[in-house]
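Novice: Following this message is one structure expressed as structure tokens.
There are 2 protein chains.
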Amino acid sequence: MKWKRSERLVEMTRHLLEHPHQLIPLTVFSERFQAAKSSISEDLTIIKETFEESGAGKLVTVSGAAGGVKYIPLMSDRAAREVIVQLIEELSHSDRLLPGGYLYMTDLLGNPQLMDKVGRVFAGAFANQRIDVIMTVATKGIPIAQAIARHLNVPVVIVRRDSKVTEGSTVSINYVSGSARRIQTMVLSKRSMKSGQRVLITDDFMKAGGTMLGMRNLVEEFDCELAGAAVLVESEHSEEVLVEKYRSLVKLRKVNERDRTIELDEGNYFKEGGDEA
Amino acid sequence: MKWKRSERLVEMTRHLLEHPHQLIPLTVFSERFQAAKSSISEDLTIIKETFEESGAGKLVTVSGAAGGVKYIPLMSDRAAREVIVQLIEELSHSDRLLPGGYLYMTDLLGNPQLMDKVGRVFAGAFANQRIDVIMTVATKGIPIAQAIARHLNVPVVIVRRDSKVTEGSTVSINYVSGSARRIQTMVLSKRSMKSGQRVLITDDFMKAGGTMLGMRNLVEEFDCELAGAAVLVESEHSEEVLVEKYRSLVKLRKVNERDRTIELDEGNYFKEGGDEA
Chain P
0 MKWKRSERLV
10 EMTRHLLEHP
20 HQLIPLTVFS
30 ERFQAAKSSI
40 SEDLTIIKET
50 FEESGAGKLV
60 TVSGAAGGVK
70 YIPLMSDRAA
80 REVIVQLIEE
90 LSHSDRLLPG
100 GYLYMTDLLG
110 NPQLMDKVGR
120 VFAGAFANQR
130 IDVIMTVATK
140 GIPIAQAIAR
150 HLNVPVVIVR
160 RDSKVTEGST
170 VSINYVSGSA
180 RRIQTMVLSK
190 RSMKSGQRVL
200 ITDDFMKAGG
210 TMLGMRNLVE
220 EFDCELAGAA
230 VLVESEHSEE
240 VLVEKYRSLV
250 KLRKVNERDR
260 TIELDEGNYF
270 KEGGDEA
Chain S
0 MKWKRSERLV
10 EMTRHLLEHP
20 HQLIPLTVFS
30 ERFQAAKSSI
40 SEDLTIIKET
50 FEESGAGKLV
60 TVSGAAGGVK
70 YIPLMSDRAA
80 REVIVQLIEE
90 LSHSDRLLPG
100 GYLYMTDLLG
110 NPQLMDKVGR
120 VFAGAFANQR
130 IDVIMTVATK
140 GIPIAQAIAR
150 HLNVPVVIVR
160 RDSKVTEGST
170 VSINYVSGSA
180 RRIQTMVLSK
190 RSMKSGQRVL
200 ITDDFMKAGG
210 TMLGMRNLVE
220 EFDCELAGAA
230 VLVESEHSEE
240 VLVEKYRSLV
250 KLRKVNERDR
260 TIELDEGNYF
270 KEGGDEA
């Protein structure tokens, strides 16, 4: 079948969106659509310009025999700010207040379109670095980790609190949780990472950063390298944060249980302190 | 800015793919692109035909004042079979064998492109039913649940084994696990579902179906309705399966720990028995 340009544009757009951060040789397109490489190149120019115009990301073209085209999902600062504003708006409802000053966030983590946007914001922020793995701790960080992983096209590894038979041999570390100063354990399947990989750690909530520190120790235990840290909501607290570099979207300033008010602010995402390691 | 047809096609394709199962009024497109509704309709016809040709899914057009266009992700039988073949191929490697005859599957659950395909297969199978919520049990079912949820554009709720302060008030049930015949507990945040919702339950692995049965009891406890069950890998076993209707992609026939061989087969996905409730 011979494809028209309009049909090629639709199908190539779909293919690129479904294969982010993956180099696609132009021959894949020219053979599939029975079209000359020059036509494919023209199609890609249209897609590239449209993606740039709408802030969806960029197309990177690599020339030569091993060349091709790669789609890098990005998010404009304006769109990233809209996500942050939406999160703050959602989180500020007083019925989210739980005993002990905790915030109910489970519904947001279960919202696929919101998680997709959060994943895109972080994937855009770390798009220029080599990231080989996204690491998180079960359970609540998983939706964020998976959303980032989808946009960066890298695997997710999930750290657990306890060892499971279905994980095979595991590596286990102890660390001190930040606020409660308790000794806690983290377990990760031995075959989940190879030495030398660059790891982005992520979680839904961070106070003093004990869990993040535990993940960092685990990264080192595997002879891997910390590439950065991404947090959905960080909480104001008196002590120093245990990880130096992280990016957060929202900052929880204060919870007043008597008035049932929640004070939220933008996280450090747009600030210099949030720069990746 | 005035958009050319080629640019509109790229941008509308992207918008539709990122908003599955969501009715988009044509005015959204005509206003954004400064184009007549008749031009938008022509664009949609091209996208519709291309999606159908490539098996990406269908565009449903609803006419009238409250009308618009909706993208339904689907997967052709051929593409679904390719996913199943890929899963069987991956799972048959003998180094996946763990003590006790378990299979290491964590890496597959952490592979975002594979999970995206699995999610699309199940989302396609349940596309014609009303599904309001995807339910799974922490931890390993989460990637599958999230992938299905993204393609159906419905929330994920995660059942836990223990109650957590960040979940607020919870509903807890006891059930008998299928193989070990132990009494186990499942906990779900009270505000995670409303009565009357239709729930698709999912998990990565099913033997006698105890966990699935627990989820079904929880669905009933919330006055909700079971819409179906989706399982990545089901295991051959002597007893009767505790849930009547489910769809599985892969069936684990036999594990031979001495020879280190794993016998796998297609699940019931394409068989009549797999029809949804």
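As given, the protein sequences belong to chains P and S, one line each in that order. 0 is the number of the first residue of the first sequence in numbering that gives the first Met the number 0; add one for each residue after it. 0 is the number of the first residue of the second sequence in numbering that gives the first Met the number 0; add one for each residue after it. Built from N, CA and C at the ideal position, the CB exists for glycine as well. Values in this document were obtained by computation on a predicted structure and should not be read as measured data.
Find the nearest neighbour of S:Glu-6 within the set P:Val-175, P:Ser-91 and P:Thr-44, judged by alpha-carbon distance.
Specialist: Reading the second sequence from its first residue, position 7 is the one you call residue 6 of chain S. Of P:Val-175, P:Ser-91 and P:Thr-44, the residue nearest in Cα terms is P:Thr-44.
Novice: Taking DSSP as the reference, what is the three-state secondary structure of P:Ile-45?
Specialist: Mapped onto the first sequence, residue 45 of chain P falls at position 46. Note: P:Ile-45 maps to helix in three-state DSSP.
Novice: Give a yes or no on whether 7 Å exceeds the smallest Cβ distance from P:Leu-8 to chain S.
Specialist: Indexing the first sequence from 1 puts residue 8 of chain P at position 9. By this cut-off, P:Leu-8 is an interface position.
Novice: Distance check for P:Lys-36 and S:Val-155, CA to CA, integer angstroms please.
Specialist: As a first step, residue 155 of chain S is located in the second sequence; it is residue number 156 there, counting from the start. As a first step, residue 36 of chain P is located in the first sequence; it is residue number 37 there, counting from the start. Those two C-alpha atoms are separated by around 43 Å.
Novice: Within the continuous beta strand (DSSP E) that includes P:Pro-72, where are the two ends?
Specialist: Start at 1 with the first residue of the first sequence, and residue 72 of chain P comes out as number 73. Residues 67-72.
Novice: Under the three-state reduction of DSSP, which class applies to S:Gly-266: helix, strand or coil?
Specialist: Taking the first residue of the second sequence as 1, we reach residue 266 of chain S at position 267. Note: S:Gly-266 maps to coil in three-state DSSP.
Novice: Could you check if P:Lys-3 is buried or exposed, using at least 16 other CB atoms within 10 Å of its CB as the buried criterion?
Specialist: For the purposes of this step, residue 3 of chain P is taken as residue 4 along the first sequence, with counting starting at 1. Its Cβ having fewer than 16 others within 10 Å, P:Lys-3 is exposed.
Novice: Cβ closer than 9 Å: which chain P residues qualify as neighbours of S:Tyr-103?
Specialist: Residue mapping note: residue 103 of chain S aligns to position 104 of the second sequence, counting from 1. Residues of chain P passing the Cβ test: Thr-165, Glu-166, Gly-167, Ser-188 and Arg-190.
Novice: In three-state terms, what does DSSP make of P:Val-224?
Specialist: Walking along the first sequence from the start, residue 224 of chain P turns up at place 225. The sequence shown places Glu at residue 224 of chain P, rather than the Val named in the question. If DSSP states are grouped into helix, strand and coil, P:Glu-224 belongs with the strands.
Novice: Any idea if S:Pro-98 is buried or exposed, counting beta-carbon neighbours within 10 angstroms, 16 or more meaning buried?
Specialist: Position 99 of the second sequence holds residue 98 of chain S. When all chains shown are included, S:Pro-98 counts as exposed.
Novice: What is the DSSP secondary structure of S:Asp-131, counted as helix, strand or coil?
Specialist: As a position in the second sequence, residue 131 of chain S is number 132, starting the count at 1. Coil.
Novice: Report yes or no: is there a C-beta of chain S within less than 7 Å of the C-beta of P:Gln-145?
Specialist: Mapped onto the first sequence, residue 145 of chain P falls at position 146. So, interface residue.
Novice: Between P:Ser-162 and chain S, is any beta-carbon pair separated by less than 7 Å?
Specialist: As a first step, residue 162 of chain P is located in the first sequence; it is residue number 163 there, counting from the start. Closer than 7 Å: no.
Novice: Do S:Ser-93 and S:Leu-263 have their C-beta atoms within less than 7 Å of each other?
Specialist: The residue labelled residue 93 of chain S in the question sits at position 94 within the second sequence. The residue labelled residue 263 of chain S in the question sits at position 264 within the second sequence. Not in contact: S:Ser-93 and S:Leu-263 (Cβ atoms no closer than 7 Å).
Novice: Does DSSP classify S:Arg-215 as helix, strand or coil?
Specialist: If you number the second sequence from 1, residue 215 of chain S lands on position 216. It is helical.
Novice: Which residues bound the beta strand (DSSP E) around S:Val-153?
Specialist: Taking the second sequence and counting its residues from 1, one reaches residue 153 of chain S at position 154. Neither: S:Val-153 is in no beta strand (DSSP E) and is coded neither H nor E.
Novice: Might you give, ordered along the chain, the residues of its own chain that have their beta carbon closer than 7 Å to the beta carbon of S:Val-132, omitting 5 neighbours on each side?
Specialist: Translated into the one-based positions of the second sequence, residue 132 of chain S becomes position 133. Cβ neighbours of S:Val-132 beyond the five flanking positions: Val-153, Pro-154, Val-156, Met-192, Gln-196 and Val-198.
Novice: Whose Cβ in chain S lies nearer than 7 Å to the Cβ of P:Gln-112?
Specialist: For the purposes of this step, residue 112 of chain P is taken as residue 113 along the first sequence, with counting starting at 1. Going along chain S in sequence order, the residues near P:Gln-112 (Cβ under 7 Å) are Asn-152.
Novice: Would you call the region 155-173 of chain S in contact with the region 97-114 of chain S, where contact means no fewer than 3 C-beta pairs closer than 8 Å?
Specialist: No, because fewer than three Cβ pairs between the region 155-173 of chain S and the region 97-114 of chain S fall closer than 8 Å, the two stretches do not touch.
Novice: Would you kindly work out how many angstroms separate the C-alpha atoms of P:Ile-200 and P:Gly-54, rounded to a whole number?
Specialist: The count along the first sequence starts at 1 and reaches residue 200 of chain P at position 201. The count along the first sequence starts at 1 and reaches residue 54 of chain P at position 55. Roughly 26 Å separates the two Cα atoms.
Novice: For S:Tyr-245, collect the residues of the same chain with a Cβ closer than 8 Å to its Cβ; drop the 5 residues on either side in sequence, then sort them by chain order.
Specialist: What you label residue 245 of chain S is simply residue 246 of the second sequence in a count that begins at 1. For S:Tyr-245, where only same-chain residues beyond five positions count, the Cβ hits under 8 Å are Met-205, Gly-208, Met-211, Gly-227, Ala-228, Ala-229, Val-230, Glu-233, Asn-267 and Gly-273.
Novice: Along chain S, which residues have their Cβ under 7 Å away from the Cβ of P:Ala-55?
Specialist: In the first sequence, the residue the question calls residue 55 of chain P occupies position 56. The contacting residues are Arg-13.
Novice: Tell me which residues share the same chain as P:Gly-213 and place their Cβ nearer than 6 Å to its Cβ, disregarding the 5 neighbours each side in the sequence.
Specialist: In the first sequence, the residue the question calls residue 213 of chain P occupies position 214. Closer than 6 Å at Cβ, skipping near neighbours: Tyr-174 and Met-185.
Novice: Can you tell me the Cα-Cα spacing of P:Gly-109 and S:Arg-95, whole angstroms?
Specialist: The count along the first sequence starts at 1 and reaches residue 109 of chain P at position 110. The count along the second sequence starts at 1 and reaches residue 95 of chain S at position 96. C-alpha separation (whole angstroms): 30 Å.
Novice: With a CB to CB cut of under 8 Å and the five nearest residues on each side skipped, what residues in its chain are close to P:Arg-181?
Specialist: On the first sequence, residue 181 of chain P is found 182 positions in, with the first residue counted as 1. Here the set comprises Val-175.
Novice: Leaving out five residues on either side along the sequence, give the residues of the same chain with a beta carbon under 6 Å from the beta carbon of P:Ala-122.
Specialist: The residue you call residue 122 of chain P lines up with position 123 of the first sequence. Cβ within range, chain order: Pro-72, Ile-147, His-150 and Leu-151.
Novice: Helix, strand or coil: which one does DSSP assign to S:Met-185?
Specialist: Taking the first residue of the second sequence as 1, we reach residue 185 of chain S at position 186. Reduced to three states, the DSSP call for S:Met-185 is strand.
Novice: Going by DSSP, what residue range makes up the alpha helix (DSSP H) through P:Lys-116?
Specialist: Translated into positions along the first sequence, residue 116 of chain P becomes position 117. Where P:Lys-116 is concerned, the enclosing alpha helix (DSSP H) stretches over 111-124.
Novice: Roughly how many angstroms lie between the CA atoms of S:Glu-88 and S:Lys-253, to the nearest whole one?
Specialist: In the second sequence, counting from the first residue as 1, residue 88 of chain S sits at position 89. In the second sequence, counting from the first residue as 1, residue 253 of chain S sits at position 254. About 15 Å.
Novice: Using a Cβ cut-off of 9 Å, pull out every chain S residue sitting near P:Asp-106, in sequence order please.
Specialist: Along the first sequence, one-based indexing puts residue 106 of chain P at 107. Correct list: Pro-154, Val-156, Ser-188, Arg-190 and Ser-191.
Novice: Enumerate in chain order the residues of its own chain whose CB-to-CB distance from S:Lys-250 is below 6 Å, with the five nearest sequence positions on each side excluded.
Specialist: On the second sequence, residue 250 of chain S is found 251 positions in, with the first residue counted as 1. So the qualifying residues of the chain are Glu-233, Asp-264 and Gly-266.
Novice: Which residues, in chain order, does the region 199-224 of chain P contribute to contact with chain S at a C-beta distance below 7 Å?
Specialist: Under the 7 Å Cβ criterion, the region 199-224 of chain P contributes no residue.
Novice: Looking at the strands, I want to know which residues DSSP matches up with S:Ile-171.
Specialist: Within the second sequence, residue 171 of chain S is the residue found at index 172, counting from 1. The sequence given here has Ser at residue 171 of chain S, not Ile. For S:Ser-171, which the question treats as bridged, DSSP gives the partners S:Val-186.
Novice: May I ask you to report which of helix, strand or coil DSSP gives P:Thr-210?
Specialist: For the purposes of this step, residue 210 of chain P is identified with residue 211 of the first sequence, where counting begins at 1. Three-state DSSP puts P:Thr-210 in a helix.
Novice: Comparing the C-beta of P:Thr-138 with each C-beta of chain S, is any distance below 7 Å?
Specialist: The residue given as residue 138 of chain P occupies position 139 in the first sequence. True, the Cβ-Cβ gap to chain S drops below 7 Å.
Novice: Judging by CA-CA distance, which residue of P:Ser-171, P:Glu-224 and P:Ala-179 is the nearest neighbour of P:Ser-194?
Specialist: Position 195 of the first sequence, counted from the start, is the residue given in the question as residue 194 of chain P. Nearest of P:Ser-171, P:Glu-224 and P:Ala-179 to P:Ser-194, Cα basis: P:Glu-224.
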